[in-house]
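Going line by line, the protein sequences match chains A and B.
Each residue of the first sequence is one higher than the one before, counting from 1483 in our numbering.
Each residue of the second sequence is one higher than the one before, counting from 478 in our numbering.
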Amino acid sequence: MDITTVTLNHYIALSVLLFGLGTLGVLVRRNTLLIFMSIELMMNAVNLMLVAFSHYKADLSGQVMVLFIYAVAAGEVAVGLAILIALFRHLKNVDINNFNIMKG
Amino acid sequence: MDWYFWIFAVMALGGGLFTITYKDILPCAMGLLTVFIAMAALYLHLNAPLVAVFQVTIYAGAILVLVLFVVMLLMSPGEKIKKSQVNCSNRFMGAVLTVGLMIFLGIGTKGLSDMIGAKELPEKFGNPGQLGIVLVQKFILHFEVVSVLLLAALVGAIYLAKKRI
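Set out below in structure tokens:
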């Protein structure tokens, strides 16, 4: 079989790679906004996996699930950025190392 | 049309790599935009035109603009992200954990495509009308719950971003 012929495996591999990039961003970067963007990257990887399975399984439920994920992502971004703005008012920066006010 | 997949896969991976490595934050957001556009193109290839349109309008339109707005609100102009305070061992640990996770995911998804096998796509698969029918016939409860969730998120975001909490 020719390896350049695109199959479901290629989409899975791309999705896993993108998810790994997002995880690396969350673990390595210290700027909270960049961590936020990395989470969006991970969510996109999962969406790609859902749409790919929907296509290869000939089942529309996967695409509908992605539409729900969009709604949840919009709510998540709105609340998350509002929390970030509130934190910035208190601490005057967005470095995640300073967000330890709940440390017991 | 295999070149189509490869072009946009490389575009998505490059954009993602740029997003997590570049040290200034606005170009990082542009890298994220590249990823979103490449994803939309891949959705078109996978018979999901409605999802592709929503990808561009919601992610590249609404979410990214919100993120850019907050970036410009919080970062003073010309400010570079400070050299991160984490040391090299922290970075190394992050890389090791990520590689481990990817190996785990790779093992977990191995053989899934053989399990599914090749299915023949029905006529007009994925056009918006059919998607709407599935949405209101099988997922009507989820649809209503999501609307309540969005309302709660709206109220919560306004409350949190007010002057004093």
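Here a beta-carbon is modelled for each residue, glycine too, at the ideal position from N, C-alpha and C.
At the C-beta level, A:N1491 and B:S590 come within 8 Å of one another. The three-state reading of DSSP puts A:D1577 in strand, counting E and B together. Around the CB of B:Q614, fewer than 16 other CB atoms lie within 10 Å, so the residue is classed as exposed. The closest CA to that of B:I580, considering only A:V1498, A:V1488, A:T1489 and A:T1487, is found on A:V1498.
8 Å or more divides the Cβ of B:V542 from the Cβ of A:M1519. A Cβ of chain B is located within less than 8 Å of the beta carbon of A:M1519.
The Cβ of B:A537 sits no closer than 8 Å to any Cβ of chain A.
Secondary structure within the stretch 1534-1586 of chain A: the alpha helix (DSSP H) runs of 4 or more consecutive residues, fully enclosed, are 1543-1573 (chain order).
Ranking B:D479, B:V512 and B:F482 by CA distance to the CA of B:F495 puts B:V512 first.
Considering only beta carbons, the part of the stretch 543-554 of chain B lying closer than 9 Å to chain A consists of L543, V544, F546, V547, V548, L550, L551 and M552, in chain order.
Using a CB distance below 8 Å, the part of the stretch 1513-1544 of chain A facing chain B consists of N1513, L1515, L1516, F1518, M1519, S1520, E1522, L1523, N1526, N1529, L1530, V1533, A1534, F1535, S1536, H1537, Y1538, K1539, A1540, L1542 and S1543, ordered along the chain. Contact annotation for A:L1573 against chain B: no contact, minimum CB-CB distance about 11 Å [criterion: below 8 Å].
Collapsing the DSSP output to three states places B:N567 in a helix. Residue-level contact check: B:M592 does not touch chain A, since none of the beta carbons of chain A fall below 8 Å from its beta carbon. Taking CB atoms only, B:Q614 has no neighbour in chain A less than 8 Å away. In terms of beta-carbon proximity, B:C505 lines the interface with chain A, with at least one pair separated by less than 8 Å. Secondary-structure assignment with DSSP links A:N1513 through a beta bridge to A:D1577. Counting only residues of its own chain and dropping the five nearest sequence neighbours on each side, B:A518 has a CB closer than 6 Å to the CB of F485.
Here A:L1503 is buried: its Cβ has 16 or more other Cβ atoms, across all protein chains shown, within 10 Å. In the three-state reduction of the DSSP assignment, B:G606 falls in the helix class, which pools H, G and I.
When secondary structure is reduced to three states using DSSP, A:T1489 falls in the coil class, being assigned neither helix nor strand.
The C-beta distance from B:I584 to A:A1556 rounds to 33 Å, too long to meet the 8 Å contact threshold.
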